[in-house]
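Asks:
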Amino acid sequence: MKQTVTRIVVYSALVVIIAVIGIIWRGREIKNIRMTNYGFNARLVMDYTSTNPAKAVGDLKQSVKTEHMHVLEESESGDYFWEMIGQTNRFWLFSSSVHKTTIVADPTSQQDDAGNIIWRVQVFDRRIRSLSMLYFSIVVVCLMSIMAFRVRRNRLPHIFENSTGHENQAVSNDEI
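Below, the structure is given as structure tokens:
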């Protein structure tokens with residue numbers, strides 16, 4: 000009974016440690032993408048003009064949220080500068096990259112026929128490859144190696160049945 004309780008405690012601690020490492024790893028990825036600037040290593044995804052930047056930016060934000068990524072953080076720094084941080088999938092383990100999308104709206108010196116200012120709306124995207132699959136692979140390899148060390152040969156005789164036969168055969172060859 001005492002040995003069973005010890006095993007349960009050890010395996011529960013192992014699961015907690017694995018979860019904490021995953022949370023730290025994910026937090027580090029989010030921090031790294033948060034620190035990037037939209038002018039550095041960013042890909043210009045869209046560049047167009049509009050007379051109503053609020054509606055255009057609202058439509059863009061909704062499109063990004065519903066079709067392109069699962070948004071984790073959204074911030075507005077200024078009247079015409081929005082940033083969204085997200086991942087390609089709802090769950091971190093299944094997402095291939097972490098994205099930071101920046102929407103910038105700048106007024107131009109041009110006006111349309113009605114006298115409205117024409118705004119230039121640009122969408123920048125930066126991404127870093129997620130290390131979630133590497134993390135998942137490391138966890139699976141560690142768990143499988145722990146299970147391999149825990150298996151005893153006498154518990155799986157159908158797999159290790161030839162191991163005793165080889166020993167007997169070697170002894171009989173020495174006697175000849």
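Numbering that gives the first Met the number 0 puts the first residue of the sequence shown at 0, with every later residue one more than the last. Quick reminder that beta carbons are idealized off the backbone N, C-alpha and C, glycines included.
Can you tell me the Cα-Cα spacing of T87 and G77, whole angstroms?
Replies: Walking along the sequence shown from the start, residue 87 turns up at place 88. Walking along the sequence shown from the start, residue 77 turns up at place 78. Cα to Cα, T87 sits roughly 26 Å from G77.
Asks: Alpha helix (DSSP H) containing M132: first to last residue?
Replies: What you label residue 132 is simply residue 133 of the sequence shown in a count that begins at 1. Start and end: 131-149.
Asks: Give me the Cα-Cα distance between S96 and Y79, rounded to the nearest whole angstrom.
Replies: If you number the sequence shown from 1, residue 96 lands on position 97. If you number the sequence shown from 1, residue 79 lands on position 80. S96 and Y79: Cα-Cα distance of roughly 26 Å.
Asks: Measure from the alpha carbon of I116 to the alpha carbon of each residue in P52, E72, L71, then state which is nearest.
Replies: Here residue 116 corresponds to residue number 117 of the sequence shown, with the count starting at 1. Nearest C-alpha to I116 among P52, E72, L71: P52.
Asks: For R42, name the three-state secondary structure that DSSP assigns.
Replies: One-based indexing of the sequence shown puts residue 42 at position 43. Correct three-state label for R42: strand.
Asks: State the Cα-Cα distance for the pair V44 and I22, rounded to the nearest angstrom.
Replies: Looking up residue 44 in the sequence shown gives position 45. Looking up residue 22 in the sequence shown gives position 23. One C-alpha to the other measures close to 30 Å.
Asks: Between the region 64-75 and the region 9-25, do at least 3 Cβ pairs fall closer than 8 Å?
Replies: no
Asks: Taking buried to mean at least 16 other C-beta atoms within 10 Å of its own C-beta, is K1 buried or exposed?
Replies: By one-based count along the sequence shown, residue 1 stands at place 2. That one is exposed.
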